[in-house]
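Asker: Have a look at this one.
There are 2 protein chains.
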Amino acid sequence: MAAETVSGTQQQSSDVTSFVLDNGLQVVVIPDRRAPVVTHMLWYKVGSADEDPGKSGIAHFFEHLMFKGTESHPAGEFSRRIAEIGGQENAFTSYDYTAYFQQVAPDALPVMMAFEADRMTNLILTDEVIGPERDVILEERNSRVESEPRSLLGEELDATLYQNHPYRIPVIGWMHEIEKLNRTDAIDFYRRYYAPNNAVLIVAGDVEAGEVRRLAQETYGKVPRGPDLPPRVRPSEPEQNTARTVTLSDPRVATPSFRKAWVVPSYTTAEDGEAEALDLLSEILGGGVRSRAYEALVVEQGIASSAGAWYQSDALDETSFQIYASPRGEATLQDVEKAMDAEIARIADEGVTEAELAAAKKRYVRSLIFARDSQSGMARIYGSTLTTGGTIEDIEKWPDRIEAVTAEQVRDAARRHLDQSRSVTGYLLPAGGDRS
Amino acid sequence: MAAETVSGTQQQSSDVTSFVLDNGLQVVVIPDRRAPVVTHMLWYKVGSADEDPGKSGIAHFFEHLMFKGTESHPAGEFSRRIAEIGGQENAFTSYDYTAYFQQVAPDALPVMMAFEADRMTNLILTDEVIGPERDVILEERNSRVESEPRSLLGEELDATLYQNHPYRIPVIGWMHEIEKLNRTDAIDFYRRYYAPNNAVLIVAGDVEAGEVRRLAQETYGKVPRGPDLPPRVRPSEPEQNTARTVTLSDPRVATPSFRKAWVVPSYTTAEDGEAEALDLLSEILGGGVRSRAYEALVVEQGIASSAGAWYQSDALDETSFQIYASPRGEATLQDVEKAMDAEIARIADEGVTEAELAAAKKRYVRSLIFARDSQSGMARIYGSTLTTGGTIEDIEKWPDRIEAVTAEQVRDAARRHLDQSRSVTGYLLPAGGDRS
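Those sequence lines, one after another, are chains A and B.
Residues in the first sequence are numbered consecutively from 602, following the working numbering.
Residues in the second sequence are numbered consecutively from 602, following the working numbering.
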């Protein structure tokens, strides 16, 4: 059943090489010879938004289970080996993908690939493995969410922002559903989604593409293709007609804050140039200390301790654009919310200047360059793009597409998408607090 | 394949008879000899909350398709026959059930049963049938929801109240999902849910149980059993930690109003006596012109044109308790909301008096008697109870269980369930309006 030959389309643009094994595994090789180190990342095209209703948390739960043992490698052996050779490892689960990551010396790449290919298919999933790990995850949820008012509010804000799409459900899963996840759920999930034809391998570092190809063939190439999966079509949002608020008052909150969110296109769903304009809008409005929000609320008016904006650009489906601020001194939450809203209105009404657009592009592209300057940052950009519907070409033309955005497009993005009557605002308040 | 014999448990309490055909159809006969009329209702244990994600509206769409033709009876023939004999018919879809209803002279019962049994299995579902009916439903949605700000707000309020359970999705379906419903969806739905073992037949009127049994056997008894369906377990709500609001400002709104909702137990999910206490709480707080809310806001303070409460008691899963009011004269929406909240707080703090509890029980039981006094009202009570997890015994003991509720239970229901910090409030405002 193992595919022994390498086939598929071959892409060669800049120095990045991509090919597909017979069993469907896409491999991307990113040369980076600055240091004797290699980043090996395996990305699965499955995340929490692919979970069945009522099974929230299984994608993240499964990420944990991947660190348990296989028939040939007992639990802990893979991690111990990485530690012994001074390497690093990690894993993360998001709405649209799950990724496993090791950073090691180049001569350890073959063994990383062997281990990673092994756990793609040979994991031992017994109740003895699953029960204790579920307890670990429940404890993780307790400490990260249940004891953090900000996280609790964030979860309910997301579930109020999205009313149909599974992005409304927290990646970690809801407590009452995690509690019920069992061996059958884990095995079904593993058999369905963990397969070479549902994965992308990114290898960045001091490696030769030809060598990576040979190694991939010897390791991952032996894993049989999994079931053909249907297109990743999730229920989409109905038209939004209302403004919504979500308020949490909690004695553990010392400083009030607010977040306001809108559902907007992602790079995958946007029309040409729209996601790029949203990226620059978030940069101009609230990307750091040179942004309009920070300068106005924190520096000039002195009413806020923080103020910013954030656009979750890489997502398979419609995503969110958010603003946030926290009052300082005598100012109330209502004061800072009004001031933020005024900054949005100013962009929607008057647009942005050519000078600030140019500066934002420069900062934005520079931050991309910084990300690329890190080997693992680079691997993450490729992995997240390729598992959310993008291509290698998309990544390579990204800076040019950012450069092409006009001031009108930025203004129009604010006008079209940041409508107050269709916003969803979360308020985090001290016990008994109010906004005014 | 047709089951020709009658079997199953037999229940005989009061005058109501119940039996189950070999193919799984439950039949309930309710004698009512006051007039020469019979109510024939077929209830399917499927509603919008059973729909697959992304397929909202298919349950209601299917209700429409049931009025199209079968191989032996072309479209319109059934309805024409009912009209010719001076009968009435109707159908309705809810979250948990779909029902078809005819009211005719007793001698027409056999032909009603034959028609209804025929369309349980022989419906012709071609694109020629489905396409035009989808247009009818889109138009229905346009006129009932899209052009009604109150309905638009109601939909988004429900989707904000329920964040995981399918009660968040409108029964009629979301526009963008109805648009995509097709023949495959309809056929899948029909084959899965329209079968004798997923239905309850209610026959009320001037009929003999033995005769109904013989007729049911001859008609429905010939329909083969459908697939065994899994238990109706839907995703349930996570713990709610926030207060939420949903606001719609619309030029079509003349008078502002608000609705506040909580997720509460239904008769099916409640512990002993809790649903009965919620029923009486809704009666005392806001059930008509003798209720506390009406007397306080409308009569005494004169600040509201309407004020009331409403408990959706019959539901398979956790359901909602709602209050509502609309300001009058100089009063603002905020004024009436505060006044309503004060009435709730008064019950939670001080409880209700024995006198008003006794009066509420009397009004409540009387309204049940009125409902039972109508033949179709009676049939509806049996149908909705039996398709949402209740039994005939539950219906018969209902008045006794209401009588047993104590003032403390009513107070505790308000304390436990009507918590302002976990409420979801909808505001309907004129264009540019606010709450103060």
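The C-beta atom is built at its ideal place from N, Cα and C for all residues, glycine as well.
#1: Distance check for Gly625 of chain A and Glu605 of chain A, CA to CA, integer angstroms please.
#2: Under 9 Å, CB to CB, which of the residues in the segment 840-859 of chain A have a partner in chain C?
#3: Give a yes or no on whether the minimum CB-CB distance between Asn783 of chain B and chain A is below 8 Å.
#4: If you measure from the beta carbon of Asn743 of chain A to each beta carbon in chain B, is any gap under 8 Å?
#5: Are the beta-carbon atoms belonging to Val762 of chain B and Ser921 of chain B less than 8 Å from one another?
#6: Helix or strand or just coil, what does DSSP make of Val629 of chain B?
#7: Quick one: which chain A residues come within Cβ less than 8 Å of Trp775 of chain B?
#8: How about Val937 of chain B and Leu898 of chain B: do their beta carbons lie closer than 8 Å?
#9: Run through chain A and tell me which residues come within less than 8 Å of Glu757 of chain B, C-beta to C-beta.
#10: Is the Cβ of Pro831 of chain B closer than 8 Å to any Cβ of chain A?
#11: Assign His766 of chain B to buried or exposed, taking buried as 16 or more other Cβ atoms, counted over all protein chains shown, within 10 Å of its Cβ.
#12: Interface residues of chain A around Ser1022 of chain B at Cβ under 9 Å?
#13: For chain B, is any of its Cβ atoms less than 8 Å away from the one on Ala760 of chain A?
#14: Cβ of Tyr645 of chain A within 8 Å of Cβ of Tyr698 of chain A?
#15: In this structure, how does DSSP classify Ala603 of chain A when only helix, strand and coil are distinguished?
#16: Indicate whether at least one CB of chain A lies closer than 8 Å to the CB of Leu934 of chain B.
#17: Candidates A:Glu756, A:Ser657, A:Gly1034 and A:Ala636: which alpha carbon is nearest Ala855 of chain A's?
#18: In angstroms with no decimal places, state the Cα-to-Cα distance between Arg1012 of chain B and Lys823 of chain B.
#19: At a cut of 8 Å, does the segment 807-816 of chain B reach the segment 984-998 of chain B through at least three beta carbon pairs?
#20: Sort B:Ala817, B:Arg735, B:Pro637 and B:Ile725 by Cα distance to Ala718 of chain B and report the nearest one.
#21: Establish whether the CB of Gly655 of chain A and some CB of chain B are separated by less than 8 Å.
#22: For Arg635 of chain A and Glu690 of chain A, what's the separation of their Cα atoms in angstroms?
#23: For a contact meaning CB atoms closer than 9 Å, what does Leu710 of chain A contact in chain B?
#24: Do Leu758 of chain A and Arg893 of chain A have their beta-carbon atoms positioned less than 8 Å apart in this structure?
#25: Output the distance between the C-alpha atoms of Thr988 of chain B and Ala800 of chain B, rounded to the nearest integer angstrom.
#26: Starting from the Cα of Gly924 of chain B, find the closest Cα among B:Ala700, B:Val647 and B:Trp911 and give me that residue.
#27: Hey, Arg742 of chain A and Phe662 of chain A are a contact pair by Cβ (cut 8 Å); roughly how many whole angstroms apart?
#28: What residue from A:Ala787, A:Glu740 and A:Ala1008 has the CA that sits closest to Glu884 of chain A's CA?
#29: Using a C-beta cutoff of 8 Å, does Leu917 of chain B count as contacting chain A?
#30: Check whether chain A comes within 8 Å of Leu754 of chain B, counting only Cβ atoms and requiring the distance to be less than that.
#31: Under 7 Å between beta-carbons, which chain A residues line up against Pro836 of chain B? List them in chain order, please.
#32: So, with DSSP's three-state summary, where would you put Trp775 of chain A?
#33: Give the straight-line distance between the Cα atoms of Val617 of chain A and Ile982 of chain A, rounded to the nearest whole angstrom.
#34: Please name the residue in A:Met941, A:Arg929, A:Arg973 and A:Ala1005 whose C-alpha comes closest to that of Glu559 of chain A.
#35: Does any residue of chain A have a CB that is nearer than 8 Å to the CB of Arg769 of chain B?
#36: Assuming Ser985 of chain A is part of the alpha helix (DSSP H), what are its boundary residues?
Answerer: This is what the structure holds:
#1: Taking the first residue of the first sequence as position 1, residue 605 of chain A is located at position 4. Taking the first residue of the first sequence as position 1, residue 625 of chain A is located at position 24. Annotation note: pLDDT 31 at Glu605 of chain A (below 50); position unreliable, coordinate value reported separately. The alpha-carbon atoms of Glu605 of chain A and Gly625 of chain A are separated by roughly 12 Å.
#2: No chain C appears in the structure shown, which is made up of the protein chains A and B.
#3: Your numbering for residue 783 of chain B matches position 182 in the second sequence. No, because no Cβ of chain A sits closer than 8 Å to the Cβ of Asn783 of chain B.
#4: One-based indexing of the first sequence puts residue 743 of chain A at position 142. Nearest CB-CB separation between Asn743 of chain A and chain B: not below the 8 Å threshold.
#5: Translated into the one-based positions of the second sequence, residue 762 of chain B becomes position 161. Translated into the one-based positions of the second sequence, residue 921 of chain B becomes position 320. The sequence given here places Leu at residue 762 of chain B; Val does not occur at that position. Yes. Within cutoff.
#6: Position 28 of the second sequence, counting from 1, holds the residue named residue 629 of chain B. Assigned with DSSP and collapsed to three states, Val629 of chain B falls in strand.
#7: Here residue 775 of chain B refers to the residue found at position 174 of the second sequence. The answer, in chain order, is Asn765 and Pro839.
#8: Along the second sequence, read from residue 1 onward, the residue named residue 937 of chain B stands at position 336. Along the second sequence, read from residue 1 onward, the residue named residue 898 of chain B stands at position 297. With respect to Leu898 of chain B, Val937 of chain B sits close: the two C-beta atoms are nearer than 8 Å.
#9: For the purposes of this step, residue 757 of chain B is taken as the residue at position 156 of the second sequence. Ordered by position in chain A, the residues that pass the 8 Å Cβ test against Glu757 of chain B are Gln764, Gln841, Asn842, Thr843 and Arg845.
#10: As a working note, residue 831 of chain B is residue 230 in the second sequence. No - not a single Cβ of chain A is within 8 Å of the one on Pro831 of chain B.
#11: Stepping through the second sequence from its first residue, residue 766 of chain B is reached at position 165. Flag for His766 of chain B reads buried.
#12: Numbered from 1 along the second sequence, position 421 holds the residue referred to as residue 1022 of chain B. Listed by position along chain A, the residues whose Cβ is nearer than 9 Å to that of Ser1022 of chain B are Thr848, Leu849 and Ser850.
#13: Within the first sequence, the letter at position 159 stands for residue 760 of chain A. By this cut-off, Ala760 of chain A is an interface position.
#14: Against the first sequence, residue 645 of chain A aligns to sequence position 44. Against the first sequence, residue 698 of chain A aligns to sequence position 97. Going by C-beta atoms, Tyr645 of chain A is nearer than 8 Å to Tyr698 of chain A.
#15: Against the first sequence, residue 603 of chain A aligns to sequence position 2. Caution is warranted here: a pLDDT of 31 is assigned to Ala603 of chain A, below 50, making its placement in the model unreliable, and no coordinate value can be reported.
#16: Taking the first residue of the second sequence as 1, we reach residue 934 of chain B at position 333. No - not a single Cβ of chain A is within 8 Å of the one on Leu934 of chain B.
#17: Along the first sequence, one-based indexing puts residue 855 of chain A at 254. Distances from the alpha-carbon of Ala855 of chain A to those of A:Glu756, A:Ser657, A:Gly1034 and A:Ala636 put A:Gly1034 closest.
#18: On the second sequence, residue 1012 of chain B is found 411 positions in, with the first residue counted as 1. On the second sequence, residue 823 of chain B is found 222 positions in, with the first residue counted as 1. Arg1012 of chain B and Lys823 of chain B: Cα-Cα distance of roughly 52 Å.
#19: Counting Cβ pairs under 8 Å, fewer than three are found: no touch.
#20: Position 117 of the second sequence, counting from 1, holds the residue named residue 718 of chain B. For the residues B:Ala817, B:Arg735, B:Pro637 and B:Ile725, the minimum Cα distance to Ala718 of chain B belongs to B:Ala817.
#21: In the first sequence, residue 655 of chain A corresponds to position 54, counting from 1. Proximity of Gly655 of chain A to chain B, defined by a Cβ-Cβ separation below 8 Å, is satisfied.
#22: If you number the first sequence from 1, residue 635 of chain A lands on position 34. If you number the first sequence from 1, residue 690 of chain A lands on position 89. The straight-line gap from Cα to Cα measures roughly 20 Å.
#23: Here the question's residue 710 of chain A lines up with position 109 in the first sequence. Result: empty, since nearest Cβ-Cβ is about 41 Å, beyond 9 Å.
#24: If you number the first sequence from 1, residue 893 of chain A lands on position 292. If you number the first sequence from 1, residue 758 of chain A lands on position 157. Result no, Cβ atoms of Arg893 of chain A and Leu758 of chain A do not sit closer than 8 Å.
#25: The residue given as residue 988 of chain B occupies position 387 in the second sequence. The residue given as residue 800 of chain B occupies position 199 in the second sequence. Cα to Cα, the separation comes out at about 8 Å.
#26: Position 323 of the second sequence, counted from the first residue, corresponds to residue 924 of chain B. The question names Gly, but residue 924 of chain B is Ile in the sequence shown. Minimum Cα-Cα distance from Ile924 of chain B among the listed residues B:Ala700, B:Val647 and B:Trp911 corresponds to B:Trp911.
#27: Translated into the one-based positions of the first sequence, residue 742 of chain A becomes position 141. Translated into the one-based positions of the first sequence, residue 662 of chain A becomes position 61. That belief does not hold up - the Cβ atoms of Arg742 of chain A and Phe662 of chain A are roughly 11 Å apart, past 8 Å.
#28: Translated into positions along the first sequence, residue 884 of chain A becomes position 283. Cα-wise, what sits closest to Glu884 of chain A is A:Ala1008.
#29: Here the question's residue 917 of chain B lines up with position 316 in the second sequence. It does not; no Cβ of chain A falls within 8 Å.
#30: Numbered from its first residue, the second sequence carries residue 754 of chain B at position 153. Judged by the 8 Å Cβ criterion, Leu754 of chain B is in contact with chain A.
#31: In the second sequence, the residue the question calls residue 836 of chain B occupies position 235. Contact annotation for Pro836 of chain B against chain A: Pro654 and Gly655 [CB-CB distance below 7 Å, chain order].
#32: On the first sequence, position 174 is the one that residue 775 of chain A refers to. Collapsing the DSSP output to three states places Trp775 of chain A in coil.
#33: As a position in the first sequence, residue 617 of chain A is number 16, starting the count at 1. As a position in the first sequence, residue 982 of chain A is number 381, starting the count at 1. Rounded to whole angstroms, Val617 of chain A to Ile982 of chain A spans 13 Å at the Cα level.
#34: Residue 559 of chain A lies beyond the stretch modelled for chain A, which goes from 602 to 1037, so this question has no answer here.
#35: For this step, residue 769 of chain B is matched to residue 168 along the second sequence. Closer than 8 Å: yes.
#36: Looking up residue 985 of chain A in the first sequence gives position 384. Taken as a continuous stretch (DSSP letters only), the alpha helix (DSSP H) holding Ser985 of chain A covers Gln976 to Leu987.
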